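S.K.:
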Amino acid sequence: MATYLVGDLQGCYDELQLLLDKVQFDPNQDKLYLTGDLVARGDKSLECLRLVKSLGDSAQTVLGNHDLHLISTALGIKKVKPKDRVDAIFNAPDFAELINWLRHQPLLVYNEESDFVMTHAGISPDWDLATAKACAKEVEQELQQGDYHYLISNMYDSLPDRWSPELQGLERLRYSINVFTRMRFCYLDHRLDFACKAPVDQAPPELTPWFNSDNPLFKTQNLVFGHWASLVDTPTPENIYALDTGCVWGNRMTMLRWEDRQYFSQSAVKNY
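Residue numbers (our numbering): 104 to 375.
Quick look at the structure:
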């Protein structure tokens, strides 16, 4: 029995299958965790959704920003981005079933036994683990059981950019969504920045990667995330695992076997 964690798929179904074959993944014994963004720029987003859904309890993904955007386009709130290759999803007979399944995925997964936390983009520099779990649950409840159409319609904003326990309602939910699915850099005062997508060594000096902020949680907790393809081959603290290595951009897909921390990679097999 093994636990595998894999970075953003972004529709790169063939590379995922090659990785699963490489590690001889057995859904009857093993567990697969995915850092979100199952869909978008690759040409087999439909296949990725169907595969992860079909694995049932043997797989667990979190929601990424591209997954949320797919839900918003399915609801007619936003238009499909020109570079997204998701037409097959909209034309699929199981379209509604897939979108409903996706909407019920979490923003945070805490594997207490294996001692890791997985999100798509990261954890707020102002949160402890209990707060992160609570904020994730608040959004998940709204997406799964509440007025999710209203929430998704109003999540597209970068404010508030700083956490306060006094945040309420839509502002609180939006901040949490942005942390879990969009965050990369922060200012020293912990305000979130959404403009810079540069590699760390090219970022303005006033910005720092979220995981380098002065949060005690970042020194003690194993944190797994994706989202940030330009971090590829950039060193991170030993308990911080950045798994998006830009397969859809022509680089590679990365998988981590948790028990022995062994990495497996698969180069992109096509230009997307």
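Glycine is no exception: its CB is placed at the ideal position from the N, C-alpha and C atoms. In this text, all values refer to a predicted model and were calculated from it rather than measured experimentally.
What residue range does the alpha helix (DSSP H) around R355 cover?
M.R.: Against the sequence shown, residue 355 aligns to sequence position 252. R355 -> not in any alpha helix (DSSP H); beta strand (DSSP E) instead, spanning 355 to 360.
S.K.: Give the DSSP-derived three-state secondary structure of K134 in the structure shown.
M.R.: Looking up residue 134 in the sequence shown gives position 31. In the structure shown, K134 sits in a strand (DSSP, three-state: E or B).
S.K.: Could you tell me the alpha carbon to alpha carbon distance between S333 and S316, rounded to whole angstroms?
M.R.: Start at 1 with the first residue of the sequence shown, and residue 333 comes out as number 230. Start at 1 with the first residue of the sequence shown, and residue 316 comes out as number 213. S333 and S316: Cα-Cα distance of roughly 19 Å.
S.K.: Could you work out which residue in D292, D124, T222 is closest to Q324 when comparing CA atoms only?
M.R.: Counting from one through the sequence shown, the residue named residue 324 turns up at place 221. Nearest option by C-alpha distance: T222.
S.K.: Going straight from the alpha carbon of D231 to that of F193, what length do you get?
M.R.: Within the sequence shown, residue 231 is the residue found at index 128, counting from 1. Within the sequence shown, residue 193 is the residue found at index 90, counting from 1. Taking the straight line from one Cα to the other gives about 39 Å.
S.K.: Out of Q369, W361, N374, N342, state which residue places its alpha-carbon closest to the alpha-carbon of S217.
M.R.: Residue numbering aside, residue 217 sits at position 114 when the sequence shown is read from its first letter. That would be W361, whose Cα lies nearest to the Cα of S217.
S.K.: Are the beta-carbon atoms belonging to D187 and N168 less than 8 Å from one another?
M.R.: As a position in the sequence shown, residue 187 is number 84, starting the count at 1. As a position in the sequence shown, residue 168 is number 65, starting the count at 1. Contact: no.
S.K.: Tell me, which residues are paired with V220 by DSSP?
M.R.: Locating residue 220 in the sequence shown gives position 117, where the first residue counts as 1. In DSSP, V220 forms a bridge with Y213, L326.
S.K.: For C289, does the three-state DSSP call read helix, strand or coil?
M.R.: Numbered from 1 along the sequence shown, position 186 holds the residue referred to as residue 289. In the structure shown, C289 sits in a strand (DSSP, three-state: E or B).
S.K.: Give the DSSP-derived three-state secondary structure of Y107 in the structure shown.
M.R.: Sequence index remark: in the sequence shown, residue 107 carries index 4 (1-based). Residue state, collapsed to three classes: strand.
S.K.: Among the candidates K236, W204, L246, whose CA atom is the shortest distance from the CA of F219?
M.R.: Position 116 of the sequence shown, counting from 1, holds the residue named residue 219. Ranked by Cα distance from F219, the options K236, W204, L246 are led by K236.
S.K.: Which residues does DSSP pair with F421 in a beta bridge?
M.R.: Outside the displayed range of the chain (104 to 375) lies residue 421, so it cannot be described from this structure.
S.K.: Note down the Cα distance separating D229 from P196, rounded to an integer number of angstroms.
M.R.: Counting from one through the sequence shown, the residue named residue 229 turns up at place 126. Counting from one through the sequence shown, the residue named residue 196 turns up at place 93. Whole-angstrom Cα-Cα distance: 43 Å.
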